[in-house]
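Inspection log for the structure reproduced underneath, given as structure tokens.
There are 2 protein chains.
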Amino acid sequence: MVPYGQQHGQGFPWFAGGEPCWLPARRAARLATAPTTVLGDDPVTATLREDLQVLAADAGAETSDGRRLVVGALAELSAQHLGPVLAGALAGTDVPAGEGFAVLARGGEVLLTAARPAGLRHGLGWLTRRFPGGWPDADVTHVEEPRVDLRVLDHWDNMTDGPMGVVERGYAGGSLFFADGRVRTGAADLARVRDYARLVSSLGVNAVCLNNVNVHATEAHLLDEHLGDLAHLAALLDAHGVRTLLSVDFSAPMSLGGLDTADPLDERVAAWWTGTTKRVATSLPGFGGYVVKADSENRPGPHTYGRTHADGANVLAAALDPFGAVVFWRCFVYDCHQDWRDRSTDRARAAHDHFAPLDGEFAPNAVLQVKNGPMDFQVREPVSPLLGALPRTGVAVEFQITQEYTGQQKHLCHLGTQWSEVLRFDLNAHGGGEPLRVADVATRSRRRGGSPTGVVGVANVGTDANWTGHALAQANLYAFGRLAWDPDLDPRELLGEWVEQTFELPGDLAADLVEVMARSWSVYESYTAPLGVGWMVRPGHHYGPDVDGYEYTPWGTYHFADRDGIGVDRTVATGTGYAAQYPPGWAGVYEDAATCPDELLLFFHHVPYTHELSSGSTVVQHVYDTHFAGVEAVESSAATWERIAAHVPGPVARNVTERFEEQLRSAREWRDQINTYFFRKSGVPDAAGRRIH
Amino acid sequence: MVPYGQQHGQGFPWFAGGEPCWLPARRAARLATAPTTVLGDDPVTATLREDLQVLAADAGAETSDGRRLVVGALAELSAQHLGPVLAGALAGTDVPAGEGFAVLARGGEVLLTAARPAGLRHGLGWLTRRFPGGWPDADVTHVEEPRVDLRVLDHWDNMTDGPMGVVERGYAGGSLFFADGRVRTGAADLARVRDYARLVSSLGVNAVCLNNVNVHATEAHLLDEHLGDLAHLAALLDAHGVRTLLSVDFSAPMSLGGLDTADPLDERVAAWWTGTTKRVATSLPGFGGYVVKADSENRPGPHTYGRTHADGANVLAAALDPFGAVVFWRCFVYDCHQDWRDRSTDRARAAHDHFAPLDGEFAPNAVLQVKNGPMDFQVREPVSPLLGALPRTGVAVEFQITQEYTGQQKHLCHLGTQWSEVLRFDLNAHGGGEPLRVADVATRSRRRGGSPTGVVGVANVGTDANWTGHALAQANLYAFGRLAWDPDLDPRELLGEWVEQTFELPGDLAADLVEVMARSWSVYESYTAPLGVGWMVRPGHHYGPDVDGYEYTPWGTYHFADRDGIGVDRTVATGTGYAAQYPPGWAGVYEDAATCPDELLLFFHHVPYTHELSSGSTVVQHVYDTHFAGVEAVESSAATWERIAAHVPGPVARNVTERFEEQLRSAREWRDQINTYFFRKSGVPDAAGRRIH
């Protein structure tokens, strides 16, 4: 098998193994109808040339309207390639360094250029979005660059099936990268990876971690025996401007290296990581670094040796540094053997307690990967205060694209809305200091230099033909990639982009679909766990309701509902003190039940069922109202979809219709269990007299 | 490999692969110290001869005190073998037909005889129990026969590992019979099976079903491709008087036979079963029949074809009849897709509703296998009313020896006490009619002939060296076998027998151990689900508390606790009417909360937490009191064990000590979760002011 990027000039199918998502040939091919010159033979440019050639073949004859296209990195351009007008325009354009790009069009002559070839990829994505009818007719001067340095997808893929499945928390089939204990190497498998790289690079994603953060024995050997096979995957990704990351096991110096310790301050351990990393980095084209889950949920880590997380991250960072690579060190560290009887321990505090004191102690190429909330990707959590507590450390906010707690790609739950809300959240609002939005944290290194910052998403894709299980969950991947490029993009506009590119819907139906998707996160929240309390899911698989499912477990996820009230007291005055982890503005707002936003009330306060919300309703009546309304909203969305379904391809129509049926069944189950639970517990009847079982 | 029973005269280790349990060589060997004549070459007698030879070798030189032993079935005996006194005694003794035996001792000459060789096995067990010092000194005339025809162990063993493990609900290692998708055939594996056969035949067990009632695709092929390997196992069992049963998939005529239907009234289906069964019966020495779980928990069955359970059982019975074999048809049939919102469906009613109307419609060699209670082996349930509703049908009461809901062999929970209580339960008490104890049902065919009746237990053994995971759980297997032989045996005396045979303890410690074990069922009940309500376990694995774990599931196992009260109304007056499935005596007692026994109150009634029990306590105070007391009892039992541990072999001491530690941890978890749950819900404080979290 010849790695992709060395197959110059060979034809290949456009999306061989699955749906083209937002890159259907019917749109993309229109960009390939004019005489085209692609300059450069680096892997990215060569691959892009192949794509355009395939699209051109797909589109049929070239147009003869006089347009002429030139694509190439700056260093490849010379006067001979450009007409004088375009050359002049280029001379007056400040083409961004790094991964940005410029598009210039003058009198039918079009130039896509960039400082680095990767920028051409991102620029092609922009053109596909911006000019669905083909290359622009009018003159264009467009310069764009990413606002974020690290734009990463983490895959939780395993090499073998096990208790957590091939893809942990995956709801879209098997792994794109692994099967049967090996790295995929078959031609059809690699074609699928190529398609995936094309999809995500069109959005601007620039790194993909191939394997699960929970590194089992088999996957540990990605660092040695599987390196040769991995090189093929890495080459494919590299040819799209996407770097390859690997999750590593902190104890690998013992399990792979035969040492008697993994102590990060032991010289032999450091030497082992140095040697291993050199081998990995020189084997994998575009190797970008490691992802580490250490001292977390029973994974090994530096605490075993009395060392800090900084000690642990820095030994890896040192080994990675010569290769311009980064260690992503996850901050998902908490006591998962908590005793529910111990009210003094609060899982929400854990990440900040562990990592905020270490700010400044990490190497420049170490990045702390912080989940968006303090718990674990619930449909509603406050923003993690740790995101504001690492001014001297590389940091990336981690979102979960795969819908572990948000309907598992059986329910429609568009998360772009949630992520945008998080990214726009100002940690210093309400008098806490200079504005510090999560977006500002993510864009810090682009604006100010220093340790890299960015956005990470846990991928939601698999071997299903539609990539994401639920066809409409493609929009979550799309929104993630776009927001990682520019955290200030409007999530509703992104939905519009996605719908417009993916389907061919009459305008009103497109708007209806955008509306259904835009509200779907809020709808999901309404029929599941109320008022920010979270966690009322079946333990283990996390699908469907179980109000007390986690209430007495070691996972630290409690609601403390009794016959009088519910919620977790995280105030400084009478609770765990978590509220004080925020800067003073939010600390004050959250501390007081009267000012705490309704949607997070139960996260911060234990209140009576009869507590009056700022909405004017009571807690228990809010529970009843939102749960009845949530099911009605799903019914309405499903009905809207039925009008849309006739206008989309049959497989998509059937897929989404079936999932709406399951969502509706499940939403009713949620409604009835939650309402019954609280009615049984509170004894308060529904003010509207609706049926509670 | 030569099947056991053809290895006459070869030595083999006594309990090669595990602990000897109640048959330690130090005791058994004393029976082999006198000159011994074993008459007969049938497999059972030959095997018994081998056992005695091995024991004799183990015991060293034969005694020369003039004793002489003759062992043989009646047909093998002639004047030349017996002295005149013994011959005279034999002439005056009514040796029972069937599986009974007689022991006669006169002046140092001892005879063990039986009508059938299997009786010799059971008689040897009796001698080992009765004469730990060796053959009797005094004159003995003892005649004994089983009071029950069917004395069966069901194994839930799978051939491959899967979601439910190799042994479904097994807590003692792998399967004795299967590994890696195949029937075990290795010499060491078969030695272990031989040991198992010796253990259970010493108790009188006369049939073992080798595979799980949930028959998966691999196990379906036990009926064809694995028959040759199975024959070795069957020969081993047969050589101990134990018949081999197989669980079969009702749809096998389709999956194995290639038919397009499994309709029991289709001639081709009947022909397929006839042909298949002939092949099985002629391949497996001592083949005893089939066990079937049909139309139950998603298993296929006759309902698919609009046929009755009788139709389904009878087609198998007809195929089995020529071979004196039986079909065990399980009555564990209920709706496992119930909607918790539907209060009109009561799982407790299901078995009686399904099967009682069919009484009299089953073939003479069909046996309905009825769980001891209407639900599923909870620590406390009422006795199944179906057991009294099948006067014209073969019937077996099914107990669960494996501790699925009773501590999974991590907790000490001696179930002989429970089974004895069930067996002594008079279904017709309180004016319901002529006494009809469950023991009377089980012994019916021995007393009156007709369709066979008996007792079935789901085995608790596996490949662990101590057979049962928890060393003291061996006593559950022991008690089951003994009660299956004679349901009126006293469970506490059986514990005494087991302790005396298994260990060498000073008398007071033996009594202490018996006491600890005798109360352990009651102790387990006290710290788990209260007052007969059951089911407050973690869904799926069924270990540890989860009060609401099954409350909203499709399994039909609810408690309906709200802020005011708890329990399931199964009365005729206001509930599901289940109480009326009992004969009028019990129906009346159960119908009225004032007369319903405390320990079943919440099974039959929904009552306020402040309801006064006949004990004088209230429901909620009873919950608190029993849960505090339960933990204290475990603490006390563990302390007693520490005094005993020094007197048992090290592996046993460590095994039981470790399990007591886990039992104590788990019991405290149960206490605290249950008490907290009911305190949160009821708001009623503990009258004694103890700590509730």
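One line per chain: the protein sequences are R and W, in this order. Quick note on my numbering: the first sequence kicks off at 3 and runs consecutively. Quick note on my numbering: the second sequence kicks off at 3 and runs consecutively. Ideal Cβ placement from N, Cα and C applies to all residues, glycine included. What you are looking at is a predicted structure, and each value in this text was computed from that prediction instead of being measured.
The C-alpha of Ser639(W) is placed about 42 angstroms away from the C-alpha of Phe681(R). For Asp355(W), the closest C-alpha among the options Ala365(W), Asp337(W) and Gly164(W) is that of Asp337(W). When rounded, the separation of the alpha-carbon atoms in His234(W) and Thr187(W) is 8 angstroms.
Restricting attention to alpha helix (DSSP H) runs no shorter than 4 residues, the region 235-267 of chain R encloses them at 254-257, ordered along the chain. Annotation: Val549(R) to Gln675(R) spans about 8 angstroms, alpha carbon to alpha carbon.
In this structure, DSSP gives Pro493(W) a helical state, which the three-state scheme calls helix.
Assignment of Gly303(W) by DSSP, reduced to helix, strand and coil, places it in the coil class.
Shown here, His413(W) sits in coil according to DSSP, grouped into three states, outside any helix or strand. Pairwise C-beta distances place the region 597-608 of chain R out of contact with the region 479-494 of chain R, as fewer than three of them are shorter than 8 angstroms. Counting the other Cβ atoms within 10 Å of the Cβ of Val399(W) gives 16 or more, which makes it buried. For the pair Thr470(R) and Ala117(R), the CB atoms are not nearer than the 8 angstroms cut-off.
Listed in chain order, the positions of the region 674-689 of chain W with a beta carbon within less than 9 angstroms of a beta carbon of chain R are Asp674, Gln675, Thr678, Tyr679, Phe681, Arg682, Lys683, Ser684 and Gly685. Counting along the chain, the unbroken beta strand (DSSP E) around Arg108(W) starts and ends at Phe103 to Arg108. Setting aside the 5 residues that flank it on each side, Arg540(W) is surrounded in the same chain by Gly546, Asp548 and Gly551, each with a C-beta closer than 7 angstroms to its C-beta; the list follows chain order. Under the three-pair Cβ rule at 8 angstroms, the region 242-252 of chain W counts as touching the region 285-292 of chain W. The alpha-carbon separation between Gly19(R) and Glu269(W) amounts to approximately 48 angstroms. Less than 8 angstroms separates the beta-carbon of Arg70(W) from that of Ala36(W). For Gly291(R), the enclosing beta strand (DSSP E) begins and ends at Phe289 to Val294. For Tyr554(R), a Cβ of chain W is located within less than 8 angstroms of the residue's own Cβ. In this structure, Pro302(W) sits near Phe252(W), with a CB-CB distance shorter than 8 angstroms. For Arg565(R), at least one C-beta of chain W is nearer than 8 angstroms to its own C-beta. Taking each of Gly433(R), Phe427(R) and Gly452(R) in turn and checking the Cα distance to Asp442(R), the smallest one comes out for Phe427(R).
Under the three-state reduction of DSSP output, His228(W) falls in the coil class, being neither helix nor strand. As the crow flies, the alpha-carbon of His124(R) is around 13 angstroms from that of Ala486(R). Counting only runs of 3 or more residues that sit fully inside the region 313-379 of chain W, the beta strand (DSSP E) segments are 328-332 and 368-373, in chain order. When C-alpha distances from Thr576(R) are compared across Phe606(R), Pro454(R), Pro586(R) and Asn160(R), the shortest belongs to Phe606(R).
In the DSSP assignment, the residues bridged to Thr620(R) are Glu614(R). With respect to the C-alpha of Gly230(R), the residue from Ser203(R), Val185(R), Val625(R) and Asp240(R) having the closest C-alpha is Val185(R). With fewer than 16 other CB atoms across the displayed protein chains lying within 10 angstroms of its CB, Pro687(W) is exposed.
Excluding the 5 residues flanking it on each side, Tyr679(W) has same chain C-beta neighbours closer than 7 angstroms at Val549, in chain order. Against His695(W), the close residues of chain R are Arg343, in the order they occur along the chain (beta-carbon pairs closer than 7 angstroms). Collapsing the DSSP output to three states places Ile568(W) in a strand. Looking from the CA of Leu25(W), the closest CA among Pro134(W), Leu438(W) and Arg439(W) belongs to Pro134(W). Residue pairing by DSSP places Cys211(W) opposite Asp156(W) and Leu247(W) in a beta bridge. Using a CB distance cut-off of 8 angstroms, Val518(W) does not count as an interface residue toward chain R. At a beta-carbon threshold of 8 angstroms, the residues of chain W lying near Val549(R) are Asp550, ordered along the chain.
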